[in-house]
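Using my numbering, the first residue of the sequence shown is number 1, and each one after it goes up by one.
Positions of the beta carbon are idealized from the N, C-alpha and C atoms, including for glycine.
Written out below as structure tokens is the structure these notes cover.
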Amino acid sequence: MMAQDAATTTSSQSTTTTAKHHGKKLNTDTTTTTGATDSTGASATHTSNMTKKTRRKHHGKVVTEHSATDSTTTTTTPPPQD
């Protein structure tokens, strides 16, 4: 039987800013964390999105809306058979 690689956890973060018409701005922060693969070949990936939408209304008033989404995906890759 072959030795398995050391378990690793990876994480990445990104921010996307989208400018829209009439002073609207949309910021999305995305964090993706991929967990280590266990002995059965299962690995969980967690994705978190935080969205902040800024709108400029009449009379110079600024309105900010927040929303968040979370998702977890588990994938299983069977270990190689000898």
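Rounded straight-line distance, which links the Cα of residue j to that of residue i
i	j	result
Thr74	Glu65	31 Å
Asp38	Thr10	14 Å
Gln13	Ala19	20 Å
Lys24	His59	15 Å
Ala68	Thr15	14 Å
Ala36	Thr72	14 Å
Gln4	Asp70	Unreliable placement is indicated for Gln4, whose pLDDT of 45 sits below 50; no coordinate value is reported for it.
Proximity below 8 Å, CB of residue i to CB of residue j
i	j	result
Thr31	Ser48	yes
Val62	Thr51	no
Gly41	Thr17	no
Thr28	Thr45	no
Residue i, enclosing beta strand (DSSP E) - first and last residue
i	result
His59	First-last for His59: undefined, no H or E at that position.
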